[in-house]
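Let me begin by presenting the structure, written as structure tokens, before commenting on it.
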Amino acid sequence: MDDGGVSFLIGGSRALSVHTGVTQMFRARDLDLMIRPCDWLRAARALRTAGIDAELSFPHWLGKARRGSAQVDLIFSSGNGVATVDDAWFRRAVPAHVLGADVRIVPPEELLWSKAFVMERERFDGADVLHLMVLLGNRLDWRHLLKRFRGHEPVLLAHVVLFHYVYPGRADWLPRWLLGTLFRAASPRARVGPYRRLCRGTLLSRQQYLVDVTKWGLIDGRRPPFGKLSDRDLAIWTAAIEGNRARAIRTKRPMTIDDPAVSHRVSRAR
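Residues in the sequence shown are numbered from 11 upward in steps of one, following our numbering.
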């Protein structure tokens, strides 16, 4: 990546370990590189030049680099399309020494932002979010975090409320103004128009709220005008649900899956 002139940051568990000192059991393949969306093609060319396979597994957020059994994720957004990597990630990056190399890691605010939305049945990153809060506290740029969560303030509020429950003796580690600001920002929006049928649960879990948007007639919060994901992105992302691919796409009103690449994934899942 360096030889190809592609800027990247270290993310995921290794960035969390640097920021918090919480060391997790790393797998040999457990490495996330964060890049800008516009840098994917250059990154893929640089990797292939070095004899490393590069595949755009999910066009809206993630590619994979492979050589033999080794694998590294190249991430430029989040699965729900909210936490897209932009220039601010790089301006605010933190220098670190990882795997014997001097690198830059994802800033703690962006790490918290991206992890706050991970609430799957099989994976919940809430503990990582709270560990960032309790160990960094007032060192976090909370004004910047509020900007990142604009339009999604209830998600951050939920984690802050959980923080007060988990760490009842450390309420003063967070800014005093934070709860009030979040409660005001999270007050119910207009209950008319499309908001009456909007479901944003799909921003938290790609599987557990499928029934809401495929059978109950609610609007998927990941789709425009509320979200960024296209029908094709959603079809690929849904078809890849681990252990439950076929059922995820067999709904009363199935998604339109007319892209050849998507059809291939779906046929394999079945």
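Beta carbons are placed, not taken as given, at the ideal position from N, Cα and C, and that holds for glycine.
For residue i, three-class secondary structure by DSSP
i	result
residue 169	helix
residue 107	strand
residue 194	helix
residue 129	strand
residue 113	strand
residue 15	coil
residue 97	helix
residue 182	helix
residue 145	helix
residue 222	helix
residue 162	coil
residue 187	coil
residue 216	coil
residue 92	coil
Residue burial classification, residue i (beta-carbon count within 10 angstroms, cutoff 16)
i	result
residue 103	buried
residue 224	buried
residue 161	exposed
residue 88	buried
residue 219	buried
Per DSSP, cross-strand counterpart(s) of residue i
i	result
residue 246	Note: residue 246 sits in no beta bridge, so no partner.
residue 134	129
residue 122	Paired residue(s): none; residue 122 is not in a bridge.
residue 208	229
Beta-carbon gap between residue i and residue j smaller than 8 Å
i	j	result
residue 247	residue 216	yes
residue 176	residue 121	no
residue 166	residue 155	yes
residue 84	residue 73	yes
residue 193	residue 184	no
residue 125	residue 112	no
residue 82	residue 47	no
Contained beta strand (DSSP E) runs [length at least 3] in the stretch 21-85, N- to C-terminal order: 42-44, 63-68, 72-77, 80-85
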